[in-house]
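S.K.: Same order as they appear, the protein sequences are chains A and B. The first sequence maps to residues 24 to 381 in the numbering used here. The second sequence maps to residues 9 to 302 in the numbering used here.
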Amino acid sequence: MKVKALNKNTKNNLITYGMVILAYVVMEILMKAGMVSSLLQGLLVPLCTYVILAVSLNLVVGISGELSLGHAGFMCVGAFASAFFSNYTKEALTVSGLRFFLAILIGAAAAALFGFLIGIPVLRLRGDYLAIVTLAFGEIIKNVINVIFLGHDSKGFHISFKDAFSMNMEPDGEVLINGPQGITGTPHDSSFLIGIILILITLFIVINMVNSRTGRAIMAIRDNRIAAESVGIHITKYKLLAFTVSASLAGVAGVLYAHNLSTLAAQPKNFGYNMSIMILVFVVLGGIGNIRGSIIAAVVLTLLPELLRGLNDYRMLMYAIVLIATMIFTSSPGGQAFRERYSLKALLGQKKQKKEAE
Amino acid sequence: MMGFISYLVNGISLGSVYAIIALGYTMVYGIAKMLNFAHGDVIMIGGFVVFTAVSGMGLPPVIGVLISVVVCTILGMVIERIAYKPLRGASKLAVLITAIGVSYFLQNVALLIYGSNTKSFTSVVSIEPLSLADGAIIISGETIVTILACIVIMIALTSFIKYSKSGRAMLAVSEDSGAAQLMGVNVNATIALTFAIGSALAAIAGVLLCSSYPALTPYTGAMPGIKAFVAAVFGGIGSIPGAFIGGILLGVIEILGKAYISSQLADAIVFAVLIIVLLVKPTGLLGKQIQEKV
Numbered sequence: 024m025k026v027k028a029l030n031k032n033t034k035n036n037l038i039t040y041g042m043v044i045l046a047y048v049v050m051e052i053l054m055k056a057g058m059v060s061s062l063l064q065g066l067l068v069p070l071c072t073y074v075i076l077a078v079s080l081n082l083v084v085g086i087s088g089e090l091s092l093g094h095a096g097f098m099c100v101g102a103f104a105s106a107f108f109s110n111y112t113k114e115a116l117t118v119s120g121l122r123f124f125l126a127i128l129i130g131a132a133a134a135a136l137f138g139f140l141i142g143i144p145v146l147r148l149r150g151d152y153l154a155i156v157t158l159a160f161g162e163i164i165k166n167v168i169n170v171i172f173l174g175h176d177s178k179g180f181h182i183s184f185k186d187a188f189s190m191n192m193e194p195d196g197e198v199l200i201n202g203p204q205g206i207t208g209t210p211h212d213s214s215f216l217i218g219i220i221l222i223l224i225t226l227f228i229v230i231n232m233v234n235s236r237t238g239r240a241i242m243a244i245r246d247n248r249i250a251a252e253s254v255g256i257h258i259t260k261y262k263l264l265a266f267t268v269s270a271s272l273a274g275v276a277g278v279l280y281a282h283n284l285s286t287l288a289a290q291p292k293n294f295g296y297n298m299s300i301m302i303l304v305f306v307v308l309g310g311i312g313n314i315r316g317s318i319i320a321a322v323v324l325t326l327l328p329e330l331l332r333g334l335n336d337y338r339m340l341m342y343a344i345v346l347i348a349t350m351i352f353t354s355s356p357g358g359q360a361f362r363e364r365y366s367l368k369a370l371l372g373q374k375k376q377k378k379e380a381e
Numbered sequence: 009m010m011g012f013i014s015y016l017v018n019g020i021s022l023g024s025v026y027a028i029i030a031l032g033y034t035m036v037y038g039i040a041k042m043l044n045f046a047h048g049d050v051i052m053i054g055g056f057v058v059f060t061a062v063s064g065m066g067l068p069p070v071i072g073v074l075i076s077v078v079v080c081t082i083l084g085m086v087i088e089r090i091a092y093k094p095l096r097g098a099s100k101l102a103v104l105i106t107a108i109g110v111s112y113f114l115q116n117v118a119l120l121i122y123g124s125n126t127k128s129f130t131s132v133v134s135i136e137p138l139s140l141a142d143g144a145i146i147i148s149g150e151t152i153v154t155i156l157a158c159i160v161i162m163i164a165l166t167s168f169i170k171y172s173k174s175g176r177a178m179l180a181v182s183e184d185s186g187a188a189q190l191m192g193v194n195v196n197a198t199i200a201l202t203f204a205i206g207s208a209l210a211a212i213a214g215v216l217l218c219s220s221y222p223a224l225t226p227y228t229g230a231m232p233g234i235k236a237f238v239a240a241v242f243g244g245i246g247s248i249p250g251a252f253i254g255g256i257l258l259g260v261i262e263i264l265g266k267a268y269i270s271s272q273l274a275d276a277i278v279f280a281v282l283i284i285v286l287l288v289k290p291t292g293l294l295g296k297q298i299q300e301k302v
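See the structure below:
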């Protein structure tokens with residue numbers, strides 16, 4: 024019996040999984056050999072976070088075709104929900120593996136809930152209006168988390184939106200969420216291996232979703248909403264599904280992020296619109312709708328500023344120039360014509376033609 | 009009551025700044041159909057130019073403002089020529105990412121030249137504060153100038169677009185750039201002009217903003233830029249009266265929210281109002297409803 028040739032799609036996906044696993048193996052070997060600087064080692068878990076964020080955002084921007092600028096907000100929800108849970112059960116649940124597993128589920132569920140609730144009104148809007156509203160929701164989430172004070176004492180939970188004192192806790196009370204200071208003392212449960220496993224799970228979910236009936240329905244809506252509706256595809260249901268799954272995966276990234284830091288605070292730097300934009304940059308530079316591209320772009324663009332460290336103050340300037348130049352080169356009509364003329368294929372093709380002519 | 013009135017006046021003043029910035033956003037959006045994320049950073053550059061001219065070189069404030077307007081106008085046109093023009097006809101997202109790249113670029117240039125320390129900006133306004141109701145309400149010179157500037161700009165811009173030839177060319181391009189080109193309108197020149205006007209307005213907004221809130225850093229422009237963007241969407245992006253109304257309303261809501269509800273939640277309130285408006289009127293207050301055809 025002959026082995027059936029692998030479907031082109033399947034092959035493509037296996038390459039993506041293989042690439043992630045290979046990256047992990049190579050990094051592990053390099054770390055064992057002591058060839059990785061501590062700076063880079065510290066970057067590994069954030070790198071995994073960014074990859075998950077980029078892949079999950081690609082589901083909304085690339086597959087569903089909606090420009091979302093509030094992805095960091097869902098990450099924020101996942102991070103805070105799970106860090107709160109881990110902190111609260113730190114004493115009761117000593118098995119860190121089980122606790123982290125539950126934390127991931129809670130982070131994903133909380134972010135999914137927010138994605139669902141926000142998605143219902145937001146997905147009625149189109150294009151740039153949708154973009155600005157997702158940005159607004161992201162900022163609201165960040166702002167609201169900054170005014171939440173939550174504590175626990177012998178009488179139960181106390182919550183306040185003003186300051187830690189107005190919670191009226193008993194003396195034995197413990198402040199769990201301290202407004203702008205956020206959550207301190209989250210157990211350090213994240214690791215590079217867990218990050219890689221979460222990336223693989225994310226990829227599994229996204230790739231299977233894209234290649235399923237659901238994914239085809241979502242892409243049909245993206246390509247032509249009216250035509251899709253006319254063949255009986257439930258627009259709101261599928262859009263909301265993509266949005267919710269994407270939010271939930273962003274929540275997972277948030278869990279990974281939160282459990283890598285001892286102090287978690289919602290600042291513009293980590294959960295503001297700048298973060299959402301950075302993830303969008305990964306998705307667009309990697310190729311909209313291209314899952315593997317998102318992974319590569321997230322890794323390269325995170326490492327690029329670090330590799331350019333030798334340029335000191337000029338590195339972010341270089342980053343900006345690289346960004347503009349790449350966009351012009353890859354997306355402008357002139358750049359595309361240039362690429363077509365001087366691409367490897369075209370050059371080889373020309374040589375072939377010349378040979379044939381001779 | 010007196011407190012409320014003075015908050016209201018402050019809100020209108022802040023709103024005027026937002027309105028001037030939002031005009032730049034809305035004009036560029038109307039014509040080039042792009043979200044110019046770098047607009048907020050042009051404001052910051054405008055502020056730094058005045059800072060250098062007035063505090064560094066000791067020039068009189070009026071000259072400083074003029075230099076700033078000229079520099080920003082040129083900057084706007086150069087950005088359009090180098091970064092956005094090659095991408096005409098490319099996907100919207102590609103243009104958006106390029107705009108973000110330009111925004112990073114401007115921030116980092118400012119960071120290299122001026123460093124990350126906060127510069128204290130000396131106000132360019134030297135008008136005595138106005139005292140009303142026996143000193144119960146004091147309106148600062150900056151507030152008066154800001155509100156007046158906004159009104160003047162609004163009137164000048166509306167009449168420019170309505171009555172001048174290039175203004176009507178702008179309207180034509182925003183309506184249908186292909187048809188405008190067939191009618192002999194120079195589309196590229198019109199887009200460049202739009203960027204020039206938008207950036208000149210950004211310079212003025214930068215000076216007014218820094219005069220009222222005198223802390224200047226390379227990131228000063230980012231948040232007002234986003235707020236003005238919200239204001240433009242609020243009023244219906246692409247609509248000039250919409251930007252004006254959206255800006256003023258946003259400023260008033262922000263200041264009143266800060267005063268009466270919570271200073272930390274002021275931004276959240278602004279964004280929440282935007283969301284509610286868009287849910288009721290999906291294209292903003294004065295936006296046009298586009299009917300989708302099969």
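Virtual Cβ for every residue (Gly too), placed ideally from N, Cα, C. In this text, all values refer to a predicted model and were calculated from it rather than measured experimentally.
How would you list, in chain order, the residues of chain B whose beta-carbon sits under 7 Å from the beta-carbon of residue 355 (chain A)?
M.R.: 94, 95, 98, listed in chain order.
S.K.: Is any beta-carbon of chain A found at less than 8 Å from that of residue 125 (chain B)?
M.R.: So no, residue 125 (chain B) is outside the interface.
S.K.: From this set, A:168, A:73, A:114, which residue's C-alpha is nearest residue 303 (chain B)'s C-alpha?
M.R.: Residue 303 (chain B) lies beyond the range of chain B shown here (9 to 302); nothing can be said about it.
S.K.: Looking at the structure shown, is residue 176 (chain A) part of a helix, part of a strand, or coil, going by DSSP?
M.R.: Three-state DSSP puts residue 176 (chain A) in a strand.
S.K.: With distances taken Cα to Cα, identify the nearest neighbour of residue 232 (chain A) among A:100, A:82, A:315.
M.R.: Of the candidates A:100, A:82, A:315, the one whose C-alpha sits nearest the C-alpha of residue 232 (chain A) is A:82.
S.K.: One question on the structure: do residue 92 (chain A) and residue 161 (chain A) come within less than 8 Å of each other, judged by their Cβ atoms?
M.R.: Cβ atoms of residue 92 (chain A) and residue 161 (chain A): closer than 8 Å.
S.K.: If you scan the stretch 229-292 of chain B from start to end, which runs of the alpha helix (DSSP H) of 4 or more residues do you find wholly inside it?
M.R.: Listed in chain order, they are 230-243, 248-268, 274-288.
S.K.: Exposed or buried, which one is residue 122 (chain A) when buried takes at least 16 other CB atoms within 10 Å?
M.R.: Under this definition residue 122 (chain A) is a buried residue.
S.K.: Measure the Cβ-Cβ separation of residue 47 (chain B) and residue 210 (chain B) and say whether it is below 8 Å.
M.R.: Contact flag set, yes.
S.K.: List the residues of chain B whose Cβ lies closer than 7 Å to the Cβ of residue 77 (chain A), in chain order.
M.R.: Residues of chain B passing the Cβ test: none, with the nearest at roughly 13 Å.
S.K.: I need the DSSP call for residue 294 (chain B), collapsed to helix, strand or coil.
M.R.: In the structure shown, residue 294 (chain B) sits in coil (DSSP, three-state: anything other than H, G, I, E or B).
S.K.: Kindly say whether residue 363 (chain A), judged by its beta-carbon, lies nearer than 8 Å to any beta-carbon of chain B.
M.R.: No, its Cβ sits nowhere closer than 8 Å to a Cβ of chain B.
S.K.: Beta strand (DSSP E) containing residue 198 (chain A): first to last residue?
M.R.: Residues 197-201.
S.K.: To the nearest angstrom, how far is the alpha carbon of residue 195 (chain B) from that of residue 95 (chain B)?
M.R.: Taking the straight line joining both Cα atoms gives about 15 Å.
S.K.: Alpha carbon to alpha carbon, how far is residue 99 (chain B) from residue 207 (chain B)?
M.R.: The alpha-carbon atoms of residue 99 (chain B) and residue 207 (chain B) are separated by roughly 24 Å.
S.K.: Please list the partners that residue 167 (chain A) has in chain B, where partner means a Cβ-to-Cβ separation under 8 Å.
M.R.: In chain order: 273, 276.
S.K.: Below 7 Å between beta carbons is the criterion; list the residues of the stretch 126-151 of chain A that meet it against any residue of chain B, in chain order.
M.R.: The residues in question are 144, 147, 148, 151.
S.K.: For a contact defined as C-beta to C-beta under 7 Å, what are the partners of residue 304 (chain A) on chain B?
M.R.: Within 7 Å Cβ-Cβ: 105, 108.
S.K.: Note down the Cα distance separating residue 189 (chain B) from residue 264 (chain A), rounded to an integer number of angstroms.
M.R.: Looking at the two C-alpha atoms, the distance is approximately 43 Å.
S.K.: In chain order, what residues of the same chain lie with their CB nearer than 8 Å to the CB of residue 39 (chain A), ignoring the 5 residues before and after it?
M.R.: Correct list, in chain order: 226, 230, 314, 315, 318.
S.K.: Is it buried or exposed for residue 89 (chain A), if we count other Cβ within 10 angstroms and need 16 for buried?
M.R.: When all chains shown are included, residue 89 (chain A) counts as buried.
S.K.: Can you give me the Cβ contacts of residue 234 (chain A) inside the same chain, cut-off strictly under 8 Å, excluding the 5 residues immediately before and after it?
M.R.: For residue 234 (chain A), where only same-chain residues beyond five positions count, the Cβ hits under 8 Å are 32, 36.
S.K.: Under 8 Å Cβ to Cβ from residue 157 (chain B), same chain only, skipping five residues before and after it: list those, please.
M.R.: Cβ neighbours of residue 157 (chain B) beyond the five flanking positions: 24, 28, 212, 216.
S.K.: According to a CB-to-CB cut-off of less than 8 Å, which residues of the stretch 155-186 of chain A neighbour chain B?
M.R.: Listed by position along the chain: 155, 156, 158, 159, 160, 162, 163, 166, 167, 169, 170, 184.
S.K.: Using a beta-carbon distance cut-off of less than 7 Å, what residues from the stretch 92-109 of chain A approach chain B?
M.R.: Answer set for the stretch 92-109 of chain A: empty.
S.K.: Have a look at residue 287 (chain A) and residue 43 (chain A) and give me their C-alpha separation to the nearest angstrom.
M.R.: For residue 287 (chain A) and residue 43 (chain A), the distance between alpha carbons rounds to 28 Å.
S.K.: Judging by CA-CA distance, which residue of B:279, B:59, B:18 is the nearest neighbour of residue 224 (chain B)?
M.R.: That would be B:59, whose Cα lies nearest to the Cα of residue 224 (chain B).
S.K.: Would residue 77 (chain A) and residue 101 (chain A) be called neighbours here (beta carbons separated by less than 8 Å)?
M.R.: Result no, Cβ atoms of residue 77 (chain A) and residue 101 (chain A) do not sit closer than 8 Å.
S.K.: Give the range of the beta strand (DSSP E) segment to which residue 2 (chain B) is assigned.
M.R.: Limits of chain B in this structure are 9 at one end and 302 at the other, which puts residue 2 (chain B) out of reach.
S.K.: Nearest CA to the CA of residue 108 (chain A): which residue from A:127, A:157, A:342?
M.R.: Checked all of A:127, A:157, A:342; the closest Cα to residue 108 (chain A) is A:127.
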